[in-house]
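Chemist:
Residue numbers (this note's numbering): 232 to 388.
#1: Quick check on DSSP: helix, strand or coil for residue 367?
#2: Look at residue 270 and residue 346 and say whether their C-beta atoms are less than 8 Å apart.
#3: Can you tell which of 376, 380, 324, 266 has the C-alpha that lies nearest to the C-alpha of residue 351?
#4: Find out if the Cβ-Cβ distance for the pair residue 363, residue 371 is shorter than 8 Å.
#5: What do you reckon, are the CB atoms on residue 236 and residue 262 nearer than 8 Å?
#6: Keeping to the same chain, check which residues put their C-beta closer than 7 Å to that of residue 194; ignore five residues upstream and five downstream.
#7: Between the C-alpha atoms of residue 322 and residue 338, what's the straight-line distance to the nearest angstrom?
#8: So the alpha helix (DSSP H) residue 377 belongs to, where does it begin and stop?
#9: Ends of the alpha helix (DSSP H) at residue 245?
#10: For residue 388, which residues in the same chain have their Cβ closer than 6 Å to its Cβ, ignoring the five residues on either side in sequence?
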């Protein structure tokens with residue numbers, strides 16, 4: 232799996248990848264730890280990757296009550312297992328999604344220390360700290376989420 236990672240990186244992320252030692256580039260567990268350390272807020276699970284589910288309910292016991300405006304965070308314990316839909320909190324409508332996204336944007340404006348989805352209205356420019364995830368004909372591409380056909384869909388901008 233580690234050998235496929237650079238195919239999904241571009242720009243600064245690809246430059247960073249190229250600075251990694253060969254043993255990190257070639258070993259999925261080391262690469263995962265490096266990328267989470269660089270782009271994921273600096274935390275990495277130390278648990279065994281053999282858990283049955285990709286997420287852990289036990290980690291949430293003792294956590295503070297959920298703030299519905301907090302950006303969704305999922306701790307991945309097993310990168311090869313699917314994430315159960317029951318572990319995700321998804322908006323039920325486009326109106327709810329936009330309302331929460333606008334409230335979240337107002338509440339967390341200026342917090343750029345963790346990689347996260349950020350609402351960019353159609354009239355706004357792409358933020359300077361956005362991470363390019365591709366290149367098409369010399370133009371940077373960014374991953375986007377849009378509401379389409381009753382749910383969130385990934386796309387490119």
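For every residue, glycine included, the Cβ atom is placed at its ideal position computed from N, Cα and C.
Predicted model, so just to flag it, every value in this text is computed and none were measured.
Modeler: Result, derived from the coordinates:
#1: strand
#2: yes
#3: 376
#4: yes
#5: yes
#6: Residue 194 cannot be examined here, being either before or after the span of the chain that is shown, 232 to 388.
#7: 18 Å
#8: Segment 374 to 379 is the beta strand (DSSP E) holding residue 377; no alpha helix (DSSP H) there.
#9: 242 to 249
#10: 373, 375
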